[in-house]
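Chemist:
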């Protein structure tokens, strides 16, 4: 049975040590460990723990960014191997900040947590138009759309995007989740979003619920 | 009481005759240029283009006639140079998405095909742009220009290019601005710069043509955890410059400033914080304490701390660090209940803000809802002094004029009804 130093990789992710995370991942692959086993057996539970620590305020934004960086260092090695093996992700999320909004730290944290949760993340970046979300749905088969806004002045673009998805005939293909400082469950309901996440950790649980629904 | 006496009373936790009001005194208590223009129209003031005196957030200058009309007690003094490194002088007209405004001669921009507007550091069109206003936005955000990072070659001096001893021209500007502000009879809120210690809006150095060091926002946040020695060395040098500059400025302006904007570094998010309290005390607290201790030992200024978000957990440390004033008092964030804040910290911190929610009520509520919230907040924060009315952060573009009017009228209603 090939060996994965599970504790060491978990420690590297929790401690934000990307160099060790990459080294342990490479060593595990060299030993013949299945890439999917590394994701499901270690990275996903480690990032779940990061989310838990963030929720209970033992971790804050810097720690979360560091852990995400370590997870990504491992995923960068695993991703092509997973693709070559035809492994399907938990879901495909097209994520971006809405048109006019350049504030992307929250979006990046949510994206990292989703990737660490086993999702394929199609990061469309900041200031993203409805057309680019539609393109991600039609060309990349995204089944989730995650919209982020920090500002009250850009938040209404969430409604515009959802309407555009409907007009383009792709609304039924995806679940739409929204988040960001001024966004509330009430606002999410009012614009016809499928879910609202208050934090990066909550976003992963929400995404899992939405793809399972 | 006149405006200055009113502010001085409230900053000393004595109840003034009326709740004093600030709009435009600082870069975090201001009004978007479009709202300034709209309020001038509302009051029927002389039609003239409003000056964009803070181009990063596109804040408009509130001149004396509007201050009078709105019943504002504070005027601001700002550094000679803007966030983008050019001075505010030689005003020129600019049509800002249909609104005629005035901008500095060195406010130099380029418009991209998609409608985004790029702005250039020091007005130098040959330098890489340092700010972008997306087509759907009404203010600039910094463009991160992060050179490749090599941990073995990181030099704190690279993060100190924008800090140094104040130059004569900048000092004279502050002195003349202070004289002008003091002559208005209003209280003065002065911003000198250089004492923020890691304000994330300033980390990318939009005023520099080719910033070096750690300039990426996420990289900076990461560094506050993983490169603390480096950050300490940056803050240590910054603090030395700051103390020398404060001494030089105070020698010239004396105690004519009532409040001094020390720090805009945000420690709160909507639901949590950017760091733990122990991390704050280890990395930031020593420098804030040195700055505030110097100010209190040598001047009559009150020190102003801005931090958005859920920051009540930091209030004991802010107080211990010597901050007198907290802004914007984001009551919409977690753990920021106004009555609880007033009860627990009202005798030790002045609440400069918190007057109305700018995430929901003011932009999206009705005038009646705005009035109701303003009256309630005044009832909570006003007793015993220690309250300067301001919305929670700047008034944003698109805020309904009727709601701004309802907000101001409600403060005056409270002042008229609640005071003899």
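Protein chains in written order, with the numbering used here: chain A, 1 to 213; chain B, 1 to 420.
All C-beta atoms, glycine included, are put in the ideal place defined by N, C-alpha and C.
Remember, predicted model here, so these are calculated numbers, not experimental data.
#1: Given a limit of 7 Å on CB to CB distance, which residues of the region 147-165 of chain A reach chain B?
#2: Within the region 216-276 of chain B, note down every full beta strand (DSSP E) run reaching 3 residues or more, in order along the chain.
#3: Shorter than 8 Å from the beta carbon of residue 124 of chain A to some beta carbon of chain B?
#4: List the DSSP bridge partners of residue 189 of chain B.
#5: Quick one: grab the DSSP three-state call for residue 419 of chain B.
#6: Can a CB atom of chain A be found closer than 8 Å to the CB of residue 363 of chain B?
#7: What are the residues in the region 12-39 of chain A lying within 9 Å of chain B by C-beta distance?
#8: Suppose the cutoff is 8 Å on Cβ atoms and the five residues either side in sequence are ignored; what does the same chain contact list for residue 114 of chain A look like?
#9: Could you name the residues of the region 57-87 of chain A whose beta carbon sits closer than 7 Å to any beta carbon of chain B, in the order they occur along the chain?
#10: Can you tell me whether residue 388 of chain B is helix, strand or coil according to DSSP?
#11: Output the residue ranges of the alpha helix (DSSP H) runs that lie fully inside the region 38-83 of chain A and measure 4 residues or longer, sorted by chain position.
#12: Nearest to residue 146 of chain B by alpha carbon, out of B:216, B:192 and B:297?
#13: Please identify, using Cβ separations under 7 Å, the residues of the region 271-282 of chain B that lie next to chain A, in order along the chain.
#14: Is the beta carbon of residue 252 of chain B sitting closer than 8 Å to the one on residue 171 of chain B?
#15: Measuring straight from C-alpha to C-alpha, what distance separates residue 298 of chain B and residue 249 of chain B?
#16: I'd like to know whether the C-beta of residue 136 of chain B is nearer than 8 Å to at least one C-beta of chain A.
#17: Starting from residue 294 of chain B, trace the alpha helix (DSSP H) both ways and give me its first and last residue.
#18: Quick one: what's residue 119 of chain B bridged to in DSSP?
#19: Can a CB atom of chain B be found closer than 8 Å to the CB of residue 199 of chain A?
#20: So the candidates are B:371, B:6, B:167 and B:286; which of them puts its Cα closest to the Cα of residue 72 of chain B?
#21: Report the residues of the region 346-372 of chain B with a CB closer than 8 Å to any CB of chain A, ordered along the chain.
#22: Would residue 51 of chain B and residue 60 of chain B qualify as a contact pair, given that the criterion is a beta-carbon distance under 8 Å?
#23: Between residue 127 of chain A and residue 101 of chain A, how many whole angstroms is the CB-CB distance? I'm expecting something under 8 Å.
#24: Tell me which residues of the region 163-185 of chain B have at least one Cβ-Cβ distance to chain A shorter than 9 Å, keeping chain order.
#25: From the beta carbon of residue 102 of chain A, is the nearest beta carbon of chain B less than 8 Å away?
#26: Pick out whichever of B:185, B:327, B:386 and B:95 has its Cα sitting closest to the Cα of residue 28 of chain B.
#27: Can you confirm whether the region 36-44 of chain A touches the region 2-16 of chain A when touching is taken to mean that 3 or more C-beta pairs between the two stretches lie within less than 8 Å?
#28: Find the residues of chain A that neighbour residue 398 of chain B, judging by a C-beta separation of less than 7 Å, and give them in chain order.
#29: Give the straight-line distance between the Cα atoms of residue 192 of chain A and residue 136 of chain A, rounded to the nearest whole angstrom.
#30: For residue 185 of chain A, count the other beta carbons within 10 Å of its own beta carbon; 16 or more makes it buried, fewer makes it exposed. Which is it?
#31: Along chain B, in chain order, which residues have C-beta atoms closer than 8 Å to that of residue 181 of chain A?
#32: Taking residue 205 of chain B as the reference, which of B:159, B:233, B:187 and B:188 has the closest Cα?
#33: On the premise that residue 404 of chain B lies in contact with residue 35 of chain B, defined as a C-beta separation below 8 Å, what is that separation, rounded to the nearest angstrom?
#34: From B:161, B:268 and B:56, pick the residue whose C-alpha is nearest to that of residue 309 of chain B; which is it?
#35: How many angstroms separate the CA atom of residue 148 of chain A from the CA atom of residue 112 of chain A?
#36: So, is the C-beta of residue 224 of chain B closer than 8 Å to a C-beta in chain A?
Modeler: In short, the structure shows the following:
#1: 152, 153, 154 and 157
#2: 259-263
#3: no
#4: B:76 and B:259
#5: Here the model assigns residue 419 of chain B a pLDDT of 40, short of 50, so the residue's position is not dependable and the matter cannot be decided.
#6: yes
#7: 16
#8: 93, 95, 121, 146, 203, 204 and 207
#9: 57, 60, 61, 62, 63, 65 and 66
#10: strand
#11: 44-55
#12: B:216
#13: 271, 272, 273, 274, 275 and 276
#14: yes
#15: 12 Å
#16: yes
#17: 285-298
#18: B:109 and B:131
#19: yes
#20: B:6
#21: 358, 359, 360, 363 and 364
#22: yes
#23: 6 Å
#24: none
#25: yes
#26: B:327
#27: yes
#28: 153
#29: 20 Å
#30: exposed
#31: 269, 270 and 359
#32: B:159
#33: 6 Å
#34: B:268
#35: 14 Å
#36: yes
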